[in-house]
Every structure is written in structure tokens, then in C-alpha cells.
Amino acid sequence: MNARPIFAFNPGPITGDGNWTWLIPGRLPTLIDAGTGERAHLDEVDKVLAGTQLGQVLVTHGHVDHASGAPALRDRFGVTRFLKLPWSERDATWPVDWTPITDGDVIAAGETHLVAIHTPGHSPDHLCFWHEESRTVFCGDLAIKGTSVWIPARLGGNLAAYLASLERIIALNPARLLPAHGPVIDEPARVLRGYIDHRVEREEQVIAALRAGDRTPEAIVARVYRGLKESLVPLAQESVMAHLLKLEQEGRATRAQDAWIMMDA
Ligand SMILES: [Zn+2]
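Our numbering puts the first residue of the sequence shown at 5, with every later residue one more than the last.
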């Protein structure tokens with residue numbers, strides 16, 4: 005499988021340098037992720053298609069930088085097959101005809117086929133696409149080399165689900181991950197295991213902060229992330245909230261109004 009990276013030309017505060025989309029050429033030219041409809045992205049897709057007809061677009065999840073380019077792709081290339089796992093509140097935001105797919109679906113792409121793997125956590129609808137012959141995972145936002153992945157608790161993010169998704173991909177023993185942000189990941193197990201270790205360590209810090217008397221994400225961030233740049237504080241609070249909700253799900257922490265405590269405190 006010869007997947008070609010195509011830059012989406014959408015740099016920004018959340019996307020960093022911008023997104024990568026992936027085109028699998030062949031009998032059924034397939035684009036993985038839609039980008040944001042930037043003219044330069046569409047031109048680049050056109051160039052890589054080299055006169056062939058774009059057959060379908062697989063979308064890893066409904067976040068704006070992965071899904072919002074769908075109407076522009078339809079208008080430019082006449083493509084009408086857009087596939088993703090449904091996320092009802094979100095999908096109507098991007099007005100194309102979405103074909104629902106789910107965990108375990110086998111999807112023809114290029115000259116080969118991919119298997120959809122439901123990997124919630126970063127978002128509830130997140131899919132990875134697994135190509136077994138080459139042991140390649142199109143991993144969307146499951147992993148970004150050199151940085152941790154945002155788990156927006158208030159927008160359907162779920163840390164426990166994310167950790168389970170990481171384990172699920174590790175269990176496939178992939179040779180490489182083709183992400184939507186940053187470089188290709190050639191040592192998937194090491195990188196994904198690193199994420200899990202990082203979250204375990206962070207959870208221990210959050211528990212220690214609760215035991216020390218911190219009651220809010222704000223207080224915990226001030227203790228755990230010392231010297232954090234002001235602009236990053238909201239993201240850190242969101243991340244701490246993801247940990248608190250995981251502890252709550254597990255029956256280890258609870259809250260009265262907005263004051264968090266450990267159950268065994
Ligand atoms: Zn995302």
C-alpha cells in the first residue's frame with residue numbers, strides 16, 4: 005500500500021503546523037480525513053490523483069480539522085462517499101451525506117482494504133484504519149509524536165476510553181502509525197506505551213494533589229504544572245478534569261458541588 009501524505013494547509017493554535025491527510029491511490033482512490041477545504045489542499049489532492057477519480061473519503065473523527073473540508077471535496081471532485089462513525093450532534097455540522105461505519109467494518113481502499121477500529125477517547129467517534137498486510141495504522145488523533153493528545157472532557161473526550169484505545173492499538177503490534185498531525189511514528193509500541201506511562205504518572209500527581217487538599221482543577225493545575233505559560237492553563241485544566249472524571253468513573257473520587265475529594269480521604 006502506497007499511502008501518500010497530503011498537507012491540509014491549515015496551521016493554527018489547535019492544529020499546530022496543520023493536518024496531514026492520506027491518499028491511497030489505486031482502483032478506489034481513497035482519501036483519509038477531509039482537512040478544512042483549503043484551496044491549496046484541494047490542489048494538492050488533485051495533483052496526487054493525477055487524473056484518477058477520487059472514490060471516497062474516510063474520516064477519522066468529527067473534529068473541524070478532520071471533517072469540515074468534506075463539502076469542499078464534494079464540490080471540487082464530485083465525490084459523494086463520505087464514511088465515518090456517527091456522532092449525531094456533530095455530523096450535521098458538515099453537510100455531506102455521511103455513510104455510517106463502525107468497529108470491525110472492512111473497507112475497500114486503493115487496491116486493498118482497511119479495517120475500521122473504534123478508538124474513542126480523544127472524541128467519541130474516533131476511528132483508526134488498520135492495514136494488516138503492511139501493519140500500518142492510520143491513527144488520526146490517537147497519537148502525535150512528541151506531544152500528548154488532548155482529551156476534551158466537556159466535548160465527549162474520555163480518558164479511560166483513550167487508555168483502552170491505546171492498549172487496543174498496541175495489541176495489533178503495528179509497524180507504523182500514519183497520524184493526522186506531526187511525523188510518521190515508526191516505533192508505535194514505544195510511543196503509545198509512553199502515553200500510558202505519562203497518564204499513570206499524571207494520575208498519581210492528581211491523586212497526591214487531592215490528598216494534599218486541592219479541591220478544584222484550578223488548584224491542582226497550580227500545584228502539578230508549576231510555571232506553566234498562562235495561555236496553556238485552560239488546556240491543563242481540561243486535562244486534569246479528564247483525570248478527575250476517570251477517577252470518578254472508577255469510584256475513587258467524588259465531588260460535592262465543584263469540590264473534589266478522594267473517596268478514601
Ligand atoms: Zn481531533
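Just so you know, even glycine gets a beta-carbon here, dropped at the ideal spot from N, CA and C.
Assumed close pair residue i, residue j - CB separation to whole angstroms, cut-off 8 Å
i	j	result
GLY125	ALA157	GLY125 to ALA157, Cβ: 11 Å. No contact.
HIS130	THR123	5 Å
ARG78	VAL100	6 Å
VAL68	THR40	7 Å
ARG256	MET245	Not really, about 15 Å apart at Cβ, beyond 8 Å.
SER127	GLY161	7 Å
PHE86	THR103	6 Å
VAL49	ILE10	6 Å
LEU89	THR106	6 Å
HIS152	TYR199	For clarity, residue 152 is Ser in the given sequence; the question names His instead. Sure, about 6 Å apart at Cβ, within 8 Å.
HIS247	GLU207	5 Å
VAL118	HIS135	Contrary to the premise, residue 118 reads as Leu rather than Val in this sequence. Confirmed, about 5 Å.
Beta-carbon gap between residue i and residue j smaller than 9 Å
i	j	result
PHE133	ILE148	no
HIS185	ASP218	no
PRO183	ALA193	no
ASP37	THR19	no
PRO29	ASN14	no
ARG227	ALA240	no
TRP154	SER72	no
LEU251	ILE211	yes
TRP26	ARG43	no
PHE142	LEU176	no
GLY59	LEU32	yes
THR220	ASP190	no
LEU53	ALA76	no
LEU214	ILE224	yes
ILE174	LEU159	no
GLY82	GLN57	yes
ASP95	GLY66	yes
Per DSSP, the bridge partner or partners of residue i
i	result
LYS88	PRO104
HIS122	LEU131
TRP264	ARG259
PRO183	GLY144
THR116	ALA113
ILE36	TRP26 and LEU62
GLY82	Partner(s): none; GLY82 has no beta bridge.
Using 8 Å as the cut-off, can you tell me whether the segment 165-179 makes contact with the segment 197-207, which would need three or more C-beta pairs spanning the two stretches below that distance?
In this structure the segment 165-179 lies against the segment 197-207, because at least three pairs of beta carbons, one per stretch, are closer than 8 Å.
Residues near ligand 1, criterion Cβ-heavy atom distance below 5 Å:
HIS67 and ASP145
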